[in-house]
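Chemist:
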Amino acid sequence: MEQLKHECGVAMIRLLKPLEYYERKYGTWRYGFNKLYLMMEKQHNRGQEGAGLATVSLTTAPGHEYMFREKAEGKNAITEIFSRVNPSMTGELLMGHLRYSTTGKSGLTFVHPFLRRNNWRAKNLCLCGNFNMTNIDEVFQFITAQGQSPRIFADTYITLELMGHRLDREAERLFSMAKQDGLQGTDITQYIEDNIDMGNVLRTTMPHFDGGYVMCGMTGSGEMFAVRDPWGIRPAFYYYDDEVAVLASERPVIQTTFNIEAQQVHELQPGKALMVRKNGTVTLQQIIEPKNYSACSFERIYFSRGSDRDIYIERKRLGEQLTPAIIKAIDGDVENTVFSYIPNTAEVAFWGMTDGLRRLNHDVRMEKVVWKDIKLRTFIAEGNERNDLAAHVYDITYGSLRPHKDNLVIIDDSIVRGTTLKESIFKILDRLKPKKIVMVSSSPQIRYPDYYGIDMSRLEELCAFQAAIALIKERNMQQLIADTYRACKQTETDENYVRAIYAPFSVEEINQKIVSMLRPEGMTTPVELVFQSIEGLHEACPNHPGDWYFTG
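Going by my numbering, the sequence shown opens with residue 26, and the numbers climb by one from there.
(1) Apply the 10 Å Cβ neighbour rule to W396 and answer buried if 16 or more other Cβ atoms are within range, or exposed otherwise.
(2) Report buried or exposed for K30, applying the criterion of at least 16 other Cβ atoms within 10 angstroms of its Cβ.
(3) Based on Cα-Cα distance, which residue from T229, V226, R198, M223 lies nearest to I213?
(4) Skipping 5 residues on each side, what residues in its chain have a beta carbon closer than 7 Å to that of K460?
(5) By Cβ distance below 6 Å, which residues in the same chain neighbour L114 in space, the five residues on each side in sequence not counted?
(6) So, at 8 Å on beta carbons, what are the nonlocal neighbours of A251 in its own chain, with the 5 sequence-adjacent residues on each side left out?
(7) State buried or exposed for K393, treating a residue as buried only when at least 16 other CB atoms are found within 10 Å of its CB.
(8) Okay, do the region 500–509 and the region 522–534 touch, 3+ Cβ pairs below 8 Å being the bar?
(9) Over the uninterrupted beta strand (DSSP E) stretch that includes W396, give me the two end residues.
(10) Spatial neighbours of K538 within its chain, please: C-beta separation below 7 Å, excluding the five flanking residues on both sides.
(11) Measuring only the C-alpha atoms, how far is T181 from H190?
(12) Check R330 in the structure and name its three-state DSSP category.
(13) Based on Cα-Cα distance, which residue from V373, L133, Q503 lies nearest to A102?
(14) Could you check whether I355 and T362 sit closer than 8 Å to each other, using their CB atoms as the reference points?
(15) Spatial neighbours of L118 within its chain, please: CB distance less than 7 Å, with the 5 preceding and 5 following residues excluded, ordered by chain position.
(16) Look up L293 in the DSSP assignment and say whether it is helix, strand or coil.
(17) Under a three-way DSSP split, which group does M502 fall into?
(18) Enumerate in chain order the residues of its own chain whose CB-to-CB distance from L543 is below 6 Å, with the five nearest sequence positions on each side excluded.
(19) Would you check if the region 65–72 and the region 134–149 touch, i.e. whether three or more CB-CB distances between them fall below 8 Å?
(20) Run through DSSP, which three-state label would E553 get?
(21) Using only the alpha-carbon positions, how far apart do G224 and I313 sit?
(22) Counting along the chain, where does the beta strand (DSSP E) carrying Y264 start and finish?
(23) Taking DSSP as the reference, what is the three-state secondary structure of A406?
(24) Please tell me whether M464 and V389 are closer than 8 Å, where the distance is taken between their beta carbons.
(25) Indicate the three-state DSSP secondary structure (helix, strand or coil) for S541 in the structure shown.
(26) Between D230 and the rest of its own chain, which residues show a CB-CB distance below 7 Å, the 5 nearest in sequence each way excluded?
(27) Helix, strand or coil: how does DSSP classify A170 here?
(28) Going by DSSP in three states, P374 sits in which element: helix, strand or coil?
(29) Measure how close the beta-carbons of L484 and P469 come, nearest whole angstrom, since I'm counting them as under 8 Å.
Below, the structure written as structure tokens:
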């Protein structure tokens, strides 16, 4: 429900046969574009700020363009960029990107893909990615020390320049080898294009970066690659057969677009790269040794599409595991309780919650209590619209519960800042006059910033942190704040000293303080918060242990 930024979406397609094959078999020159369009539309949940595509043709003669790119901003960006597609842009390599800014930078300049041009085909580089680099200052210092002078200080541009520099060195290495072998002119060019090793380029580029990423790229000579961070924070899935090699941020996107089964789609493992050579050879290479596996659990809780087979099961478990705490919150009075959910992404957890209640032999009263009138998600909406939307997008079903008699249980994916609850949800639910409102979060309390995945880099905005600070002040423990701040400023270790802020308080104490802070003026209905436990999270999502925003 809240203004939370998260991860972008990527899509890549390599057509492994001549373009004439697809036009003959599928009856259209747009086959590759149609598939890319579907892959991007099916990932529209991953970003509505902008979209871009790029293509590379392997058969274009010198003197004609062989790399094409289209970019647009806004919620209709996908439609806009594909409306510009024409036959001259057809290529064997296709790339698409859906943008949601995790850095606060907006504008067409920052919409992916990014191009680095050169008269040598092999030195042309096109990049897009789902990433947030946390050490970009250090990388910037490194490349400027090498003599480069980037025009823009942004992680995408700096990544492009560093990788482009390594691509230049790889081409020059092959140039020297070709000269030693006595080759000249276009024979040297052909030698470079036939032998360029993107594995070398990636192995000398990616170790410089710290962050969560899936970096996708293609060169003007026809090399395509996608590399995943060594912690496995950002997701990537791939599939290939004799016609295509494809990669996307989410598995069901590939399943739906190419009509294949879940077991045919593979997860790109941490530190590995999917490589497709100019000749169509598909390989996997270990670029960086895997580190402590930390796949983002928030992907499972909220961000990825719930149509994924495993995510569907996990979200149901998240809801089911909350059943005992919910029954306690309503004093066991299931008969006089209405259950609902908000937003739509919480629906699967809602079904898990109701399944858990039924297993305890309860009759469950389910109602569609809250409606979202404007079809625009406030998490992934355009930046300049978010604040106004928070207070106006929701409405209620009048008569969906009995005033002063029925409890109301509402399950949500997460409670981050609490802005939407305070400005909109609590106010409008209070109009129904329930006996009690139990607001349930299928995720634990979000206590810490996240610089690797979700854009929650401001600790002071998190409602759990605000509640802990308020409790400290109420109990005259301000010295704890000063000591924690001093420890954070005076050390460069990886130890998380902010844990000390939460240590004196139980989850329930923080819950109660959050309620008092988020309760709108004039609201009369009692409110209780129920959060997922850390243990419950890992029980439901055992293969995605990344939980640093919950545990620190």
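Think of the CB as a built atom: it goes at the ideal place given N, C-alpha and C, for glycine as much as any other residue.
Predicted, not measured: the structure shown is a model, and the values here were computed from it.
Modeler: Straight from the coordinates:
(1) With fewer than 16 other Cβ atoms within 10 Å, it is exposed.
(2) Only weak support is given to the placement of K30: the predicted model assigns it a pLDDT of 48, under 50, and the question is left unresolved by the model.
(3) For the options T229, V226, R198, M223, the alpha carbon positioned closest to that of I213 is the one of R198.
(4) Cβ-Cβ distances below 7 Å link K460 to H429, K430, D431, N432 in the same chain, with the five nearest sequence neighbours on each side left out; the list follows chain order.
(5) The displayed chain sequence assigns Met, not Leu, to residue 114. Around M114, the same chain offers T80, F93 as residues with beta carbons nearer than 6 Å, after the five sequence neighbours per side are excluded.
(6) Hits under 8 Å: V35, M37, V239, M240, C241, G242, A261, Y263, L272, L293, A298, L299.
(7) Residue burial annotation: K393 is exposed, with fewer than 16 other C-beta atoms found within 10 angstroms of its C-beta.
(8) Touching, yes, given that three or more Cβ pairs across the two stretches are closer than 8 Å.
(9) Taken as a continuous stretch (DSSP letters only), the beta strand (DSSP E) holding W396 covers 395–397.
(10) Excluding sequence positions up to five before and after K538, its CB lies within less than 7 Å of the CB of A492, A495, L496, all in the same chain and listed in chain order.
(11) In this structure, the CA atom of T181 is about 14 Å from the CA atom of H190.
(12) Annotated three-state conformation of R330 is coil, per DSSP.
(13) Out of V373, L133, Q503, L133 has the C-alpha closest to the C-alpha of A102.
(14) A contact, by the Cβ cut-off of 8 Å.
(15) Same-chain partners within the cutoff: R39, T80, V81, M243, G247, M249.
(16) It is coil, neither helix nor strand.
(17) It is coil, neither helix nor strand.
(18) Around L543: G443, L446, K447.
(19) Short answer: they don't touch.
(20) Strand, per DSSP.
(21) G224 and I313 have their alpha carbons spaced roughly 10 Å apart.
(22) Residues 262–265.
(23) Residue placement at A406 is poorly supported in this model, since its pLDDT is 48, which falls under 50; the coordinates still yield a value, given next. A406 falls in the coil class under three-state DSSP.
(24) The answer is no: Cβ separation not under 8 Å.
(25) S541: helix per DSSP, three-state reduction.
(26) Reading off the sequence, residue 230 comes out as Thr, not Asp. Taken in chain order, the residues that qualify are L187, M188, R191.
(27) Of the three classes helix, strand and coil, the one that applies to A170 here is helix, per DSSP.
(28) Here the sequence assigns Ala to residue 374, which means Pro is not the residue at that position. A374 falls in the helix class under three-state DSSP.
(29) P469 and L484 do not touch by the CB rule: their CB atoms are close to 16 Å apart, not below 8 Å.
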